[in-house]
Ligand SMILES: [Zn+2]
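Numbering (my numbering), first residue to last: 117 to 333.
Here is the structure:
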């Protein structure tokens, strides 16, 4: 168990109310950015105010509200790698499958520098994150688990929300697959695990196992 103090800042991007997380160890100047959204200026403002620079950009999946800030961050920090699940990497550069074109704001992100899948570990900015494949909302959706914390934190993107689950009506979505991702993977994490979702407020695994109206254990 690491003793260094972590800080997780959430930056809300409109119009989809998407949560970008900035995760950092307090005695370091670098950080991780998870799911940079449609208002990257808010991310820049936080980083500048706290003299931080990103060591990596992690995307839980390739939908536009979770990748829109990648290009802006890459422009300022070209060496900063973009990391995404292997099966969602193609969405970064495809306005149709990243859903930006269907929603009327076509956009693309730079190509992935690294793709990940279940079992991979990302070690950046003094933070180790485990990767789990969690398809159902998007075929290549992954979650990132910050395990050496008490309690554990998990960045769940659009798989599991407080009292909700991700939409499954997109072309590569499937509700049964989403249920399996949640029941067989996320609900096996300890009950006090803090869930940091892509939209809405934080929750815990135990709370959702007991009360989520869509998927219970
Ligand atoms: Zn999504």
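We treat Cβ as the ideally placed atom computed from N, Cα and C, and that holds for glycine. Quick caveat, the model's predicted, so the values are computed rather than measured.
Provide the residue(s) that pair with residue 263 in DSSP beta bridges, ordered along the chain.
In the DSSP output, where bridge partners are listed per residue, residue 263 has none listed.
Can you check which of these residues, 292, 289, 208, 320, is closest to residue 398 by C-alpha distance?
Lying outside 117 to 333, the shown extent of the chain, residue 398 is not represented and no answer is given.
If you compare alpha carbons, which of 165, 195, 194, 203 is closest to residue 175?
In terms of Cα proximity to residue 175, the closest of 165, 195, 194, 203 is 203.
Using the beta-carbon count (16 or more within 10 Å), is residue 287 buried or exposed?
Only exposed fits residue 287, as fewer than 16 other CB atoms lie within 10 angstroms of its CB.
Which one of 273, 184, 278 has the shortest CA to CA distance from residue 155?
Checked all of 273, 184, 278; the closest Cα to residue 155 is 184.
Is any heavy atom of ligand 1 found at a distance shorter than 7 Å from the C-beta of residue 129?
Taking 7 Å as the cut-off, the C-beta of residue 129 does not count as close to any heavy atom of ligand 1.
With DSSP as the reference, identify every bridge partner of residue 129, one or two as the case may be.
Under DSSP, residue 129 forms a beta bridge with 134.
From the DSSP output, read off the bridge partner residues of residue 241.
Its beta-bridge partners do not exist; DSSP assigns none.
Rounded to a whole number of angstroms, what is the C-alpha to C-alpha distance between residue 125 and residue 135?
Looking at the two C-alpha atoms, the distance is approximately 10 Å.
Check whether the segment 216 to 226 and the segment 247 to 267 are in contact - that is, three or more C-beta pairs closer than 8 Å.
Contact between the segment 216 to 226 and the segment 247 to 267 is absent, with fewer than three C-beta pairs closer than 8 Å.
Cut-off 8 Å between Cβ atoms - residues of its own chain near residue 237, not counting five sequence neighbours on either side:
Within the same chain, residue 237 has close Cβ partners 244, 245, 246, 247.
What runs of the alpha helix (DSSP H), each 4 residues or longer, lie entirely inside the segment 249 to 317?
Scanning the segment 249 to 317 for uninterrupted alpha helix (DSSP H) segments of 4 residues or longer gives 291 to 300, listed from N- to C-terminal end.
Nearer than 7 Å: is that true of the beta carbon of residue 274 relative to any heavy atom of ligand 1?
For residue 274, the Cβ falls inside the 7 Å cut-off from some heavy atom of ligand 1.
Look up residue 201 in the DSSP assignment and give the residues it is bridged to.
BP columns for residue 201 point to 232.
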